[in-house]
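Worksheet for the structure shown next.
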Amino acid sequence: MDTLSYKTISANKTTVNKQWLLVDAEGETLGRLASKVAKLLRGKHKPNFTPHVDCGDNVVIINAEKIYLSGNKWESKTYSRYTGYPGGQRTSTVKQVLDKNPERIVEKAIKGMLPKNKLGADLFRNLKVNVGPSHDQEAQKPTVINLNDLK
Numbered sequence: 398m399d400t401l402s403y404k405t406i407s408a409n410k411t412t413v414n415k416q417w418l419l420v421d422a423e424g425e426t427l428g429r430l431a432s433k434v435a436k437l438l439r440g441k442h443k444p445n446f447t448p449h450v451d452c453g454d455n456v457v458i459i460n461a462e463k464i465y466l467s468g469n470k471w472e473s474k475t476y477s478r479y480t481g482y483p484g485g486q487r488t489s490t491v492k493q494v495l496d497k498n499p500e501r502i503v504e505k506a507i508k509g510m511l512p513k514n515k516l517g518a519d520l521f522r523n524l525k526v527n528v529g530p531s532h533d534q535e536a537q538k539p540t541v542i543n544l545n546d547l548k
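Every position in the sequence shown, counted from 1, becomes a number in the numbering used here once 397 is added.
In structure tokens form, the structure reads like this:
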């Protein structure tokens, strides 16, 4: 019988083709940037996506301090953490985090969109967030990608 048959391609660590991508966060809305970068880190834009394998790309983000938040989120959005001591719950606004560690805002938004397991921790290590237009990954020759061209 002459029938077409397709093999399901399952990627593994040796067959994955990882690239270095450069994303400029200047003027980008935080949540939209984070969801698109999380998709790139996960590898969902590739035809050989496999859910249990790190098949995403390495992403370098520059100008993390120039993100855009809509509405009154600079004052009203808060981040909570717990020190481990009784009465040790601390909260800080986005404005306070921006003054202290601007890259932490983008990292936290993207980390919340990754899987909450060992694979998610591995995927998060493929992300480099930088303040300003310079980065330390020139040797990897990252290709500049426009997030508006992605679906």
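From the three backbone atoms N, C-alpha and C, an ideal C-beta is built for every residue, glycine too.
- [ ] Tell me whether ILE406 is buried or exposed, calling it buried when 16 or more other Cβ atoms sit within 10 Å of its Cβ.
- [x] Exposed, since its Cβ has fewer than 16 Cβ neighbours within 10 Å.
Open item on the list: To the nearest angstrom, how far is the alpha carbon of ARG501 from that of LEU495?
Closed with: Rounded to the nearest angstrom, the two C-alpha atoms are 8 Å apart.
Task: Exposure of ASP454, with buried meaning 16 or more beta-carbon neighbours within 10 Å - done: So ASP454 ends up on the buried side.
- [ ] Please indicate yes or no: does the CB of SER477 lie closer than 8 Å to some heavy atom of the ligand MN?
- [x] In terms of ligand content, the structure shown is empty, and the ligand MN therefore cannot be addressed.
TODO: Ignore the nearest five residues each way along the sequence and tell me which others in ASN523's own chain have a CB closer than 6 Å to its CB.
DONE: Counting only Cβ-Cβ distances below 6 Å, and skipping sequence neighbours, we find LEU438, ASN455.
Open item on the list: So within the region 452 to 516, which uninterrupted beta strand (DSSP E) runs reach at least 3 residues, ignoring any that extend past its ends?
Closed with: Those beta strand (DSSP E) runs which fall completely within the region 452 to 516 and span 3+ residues are 455 to 459, 475 to 479, 486 to 490.
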